[in-house]
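In our numbering, the protein residues as written are 497 to 786.
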DNA sequence: TACCCGTGGCC
DNA sequence: TGGCCAAGGGT
């Protein structure tokens, strides 16, 4: 697939079908883009689109979040999931204040050095806000490229080689490259979906290697399946944190004991939460960090 | 590399 | 209905 052909196919489609999302509004700040991308890590757009507005209304700058009490940050994160992201987001805010005078950095290596920001998020900020030319590779992009370009029904496990593969598909122009990236993501989210792709509505239908091959089933290596949630340590951690968010006082362990039948597993969960900095053990009680 | 980390919605 | 999936990152 030629980079210019890809842009020619995707740009008009994206212009017509792009969703109106808060982080796509004119004037959305670099900080807002960074916060939204972290919230979007493994969390659906529908849940982030309301949460991001409330969050930025409360903490509109890195300095504001850096100064916030951590227990309030965790409460505001609420049920978005993976609460370590909230901790790292505040750590990133503090790093931005301390290392960069409160200004969100624009270059990828500096963004990558911030806590909680990896290959995807660093480039998303650099491309979507600062309009630089980098490959932005998320699960949508990997799936669309696997189908349209490689001709496979699905992408295998993520690999660092994906970055170079996608980079080769970007037009030379910074702005056009950014459009290709956001359009690939939008196409993967709306049309080239994981379960039931709507190929009849796809702007790449005529050029798609997977369709040309007759849409063969994927036989390659798959990403490892996620462990069952029911009964897992993750469920216990979530249960404990939910209880702590609901009150503004430390909870005695005796009270936590009512939350989970397996006392040993509960203790391990509290210990792992403490190791992550998500809770503080104070004598016989557990609380959110100050 | 494989595994850990929450929560909700989908068919 | 239970497994799959969702704008990943850290270790």
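Positions of the beta carbon are idealized from the N, C-alpha and C atoms, including for glycine.
Please read these numbers as outputs of a predicted model, since none were measured by experiment.
The beta carbon of residue 500 is closer than 8 Å to those of 667 in its chain, skipping five residues each way along the sequence.
Out of 601, 724 and 765, the CA that lies nearest to the CA of residue 525 is found in 601.
At a Cβ-Cβ threshold of 7 Å, residue 659 and residue 631 count as neighbours. Inter-residue distance for residue 708 and residue 694 is about 15 Å (C-alpha atoms, whole angstroms). For the segment 638-689, the full-length alpha helix (DSSP H) segments reaching 4 residues or more read 657-663 and 670-686 along the chain.
Contact between residue 747 and residue 739 holds: CB atoms are separated by about 6 Å, below the 8 Å threshold.
Under the DSSP assignment, residue 783 falls in the beta strand (DSSP E) whose first and last residues are 781-783. In terms of CA proximity to residue 769, 782 leads the group 528, 679 and 782. CA-to-CA, the gap between residue 684 and residue 603 works out to about 26 Å.
Residue range 776-778 is occupied by the beta strand (DSSP E) that includes residue 778. One Cα belongs to residue 543, the other to residue 549, and the distance between them is close to 11 Å. Per DSSP, reduced to three states, the secondary structure at residue 556 is coil, with no helix or strand assignment.
Residue 675 places its beta carbon 7 Å or farther from that of residue 547.
A Cβ-Cβ distance of about 4 Å is found for the pair residue 732 and residue 765, placing them in contact under the 8 Å criterion.
Residue 748 is bridged by DSSP to 781. Ranked by how close their Cα comes to the Cα of residue 605, the residues 599, 618 and 593 have 618 in first place.
In this structure, residue 644 sits away from residue 650, with a CB-CB distance that is not shorter than 7 Å. Taking all protein chains in view, the Cβ of residue 579 is crowded by 16 or more other Cβ atoms within 10 Å, so the residue is classified as buried.
Distance between residue 637 and residue 778, taken at the CA atoms: about 45 Å. When DSSP states are grouped into helix, strand and coil, residue 585 belongs to the helix group.
Taking the C-beta atoms as reference points, residue 598 is found nearer than 7 Å to residue 559. Taking the C-beta atoms as reference points, residue 554 is found no nearer than 7 Å to residue 518. In this structure, residue 561 lies near residue 586, with their beta-carbon atoms less than 7 Å apart.
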